[in-house]
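Residues in the sequence shown are numbered consecutively from -11, following this note's numbering.
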Amino acid sequence: MAIKLSDHFTSGKLLRFTLPSIIMMIFTSIYSVVDGLFVSNLVGQNALSAVNIIFPVSMILSAAGFMLGSGGSAVVARTMGEGKAELANRYFSMIVLVTLGLGAVFSLGGALFIEPIARLAGASDLLIDSCVAYGRILLGGSVMFMLQATFQVFFVTAELPKTGLFFSLAAGATNIVMDYLLIGPLNIGIAGAAWGTVLSYSVGGLLPLLYFLKPPRGALRLCRTRLYLRELKNACANGSSELMSNLSASVVSILFNLQLMRIIGESGVAAYSVMMYVDFAFAAVFLGFSMGSSPIVSFHFGADSREELKNVFRKSMTVIALASLAMVLLSELLALPLTAAFVGYNPELLEMTVHGFRIFALSYLFAGFGIYGSAFFTALCNGPVSALISFLRTFLFRGGMVLLLPLFLDVDGIWLAVVVADGLGAAVALWLMWRYRKRYHYL
-11 MAIKLSDHFT SGKLLRFTLP SIIMMIFTSI YSVVDGLFVS NLVGQNALSA VNIIFPVSMI
49 LSAAGFMLGS GGSAVVARTM GEGKAELANR YFSMIVLVTL GLGAVFSLGG ALFIEPIARL
109 AGASDLLIDS CVAYGRILLG GSVMFMLQAT FQVFFVTAEL PKTGLFFSLA AGATNIVMDY
169 LLIGPLNIGI AGAAWGTVLS YSVGGLLPLL YFLKPPRGAL RLCRTRLYLR ELKNACANGS
229 SELMSNLSAS VVSILFNLQL MRIIGESGVA AYSVMMYVDF AFAAVFLGFS MGSSPIVSFH
289 FGADSREELK NVFRKSMTVI ALASLAMVLL SELLALPLTA AFVGYNPELL EMTVHGFRIF
349 ALSYLFAGFG IYGSAFFTAL CNGPVSALIS FLRTFLFRGG MVLLLPLFLD VDGIWLAVVV
409 ADGLGAAVAL WLMWRYRKRY HYL
């Protein structure tokens, strides 16, 4: 029997409802992981560094998709909770059309100005050609990336998390197959990795567009709509934390690359690339759970179901705490084999990366609370608090620590920067959840 947003959520039902979103986010992370594996082993270490320089730029251009998806989902789910199903469909349709239009602009701009963008992101003379070859294709596909990010959230809001998982699995499989064919037998090189990723984005972005145009199978469908400026503004405000999170994380990744280029060189960027690929998969657990549980929070907030809101919040915090401990233990155990899959061909780079990742992985003790706290306030339609958590955790704390700690600890300060920053971010998130408990009645 399908789980509805209006249901009472036991621990088991909450995990069953959010599990497709968790798996979906893990498979979404596979895009960049697969690129890294194929590029590193078949093209080389410098190509891996080029991919890591361009990918944060892609995230910057696509951040609006995450903003509209998360913020719009809160607006739509709240409207559903108020019993206004047709209005919710019109809001949903408007958000998809706005995402499509913005994505087209960003795709064109990214492809046209890739070389100066790559230089600003830290590309050296040795890496610039690879950055341009990879970036022109990847940034040109920004519209697909934005649509995929938007639909990932709305499948959950439409009470179709398993369908969203299907599209995510299909996109992940497309990326793996096309990366192998284009980089391997067809020998296109780093451009093949970019084409493989864009084709997978198309599966995750364009096919759901066609799916929602058909007669509805879930709680949402695409329909005739108009521009609802007030609700679009609310969606942008609610999703400002996701915008801030993606922009900040991307800018901070560029800062990490610049610091590593200064202290170590291209090999340092390659080591950080590996950590980011592994981090995508581990952080996906927290991101997926937050994405899957947010529409539940928004629905019961709109319906003024205070007891169910308390129930979902308490169970969610327990899940985050247990997952945090599991992520740290797992990452420490798998540091060597996961790193070896990327750079096992270079013993010196392997040793440096494993050492750095063992320090970096301690951040999973804290990261989940910051991620969930930001998503929770987005679901409550409190964009400013959500954005504050994201800004402090991903930009101010991480950016500040990566500039400060290397002054005292050299390269270990770079790896430790994330641990300290996420610890501070978790403290802020927990304090804000305690402070606002009486306004929203979730405690």
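Just so you know, even glycine gets a beta-carbon here, dropped at the ideal spot from N, CA and C.
Everything numeric in this text was worked out from a predicted model, so none of it was measured.
- Rounded to whole angstroms, the separation of the alpha carbons of residue 372 and residue 224 is 11 Å.
- By a beta-carbon distance limit of 8 Å, residue 341 does not contact residue 249. Their separation comes to about 16 Å.
- The residue among 247, 363, 257, 87 with its C-alpha nearest the C-alpha of residue 338 is 257.
- Contact between residue 86 and residue 56 is confirmed by a C-beta separation of about 6 Å, below the 8 Å threshold.
- Cα atoms of residue 266 and residue 406: separation of roughly 14 Å, rounded to the nearest angstrom.
- Residue range 33 to 69 is occupied by the alpha helix (DSSP H) that includes residue 67.
- Take residue 348, set aside five residues on each side of it, and the residues of its chain with a beta-carbon closer than 6 Å to its own are 263, 403, 406, in chain order.
- Counting C-beta pairs with one atom in each stretch, the region 144 to 157 and the region 193 to 207 have three or more that are closer than 8 Å, which means they touch.
- Taken atom to atom, the span from the alpha-carbon of residue 365 to that of residue 177 is near 43 Å.
- For the 7 Å CB-CB criterion, residue 261 and residue 34 do not form a contact.
- The three-state secondary structure of residue 290, taken from DSSP, is helix.
- The Cβ atoms of residue 283 and residue 144 lie closer than 7 Å to each other.
- Annotation: residue 212 is outside any alpha helix (DSSP H) and is labelled neither H nor E by DSSP.
- Counting along the chain, the unbroken alpha helix (DSSP H) around residue 135 starts and ends at 130 to 145.
- With a cutoff of 7 Å on beta-carbon distance, residue 81 and residue 142 are scored as not near each other.
- Residue environment analysis places residue 333 among the exposed positions, since fewer than 16 neighbouring C-beta atoms fall within 10 angstroms of its C-beta.
- Taking each of 343, 314, 16, 317 in turn and checking the Cα distance to residue 328, the smallest one comes out for 343.
- Residue state for residue 369 is assigned as coil, using DSSP reduced to three classes.
- Sequence-distant partners of residue 119 (beyond 5 residues in either direction) whose C-beta falls short of 7 Å from its own C-beta, in its chain, are 38, 41, 42, 106, 111.
- When only Cα atoms are considered, residue 49 and residue 129 end up about 10 Å apart.
- The C-alpha of residue 209 is placed about 12 Å away from the C-alpha of residue 64.
- With respect to residue 279, residue 379 sits apart: the two C-beta atoms are not nearer than 7 Å.
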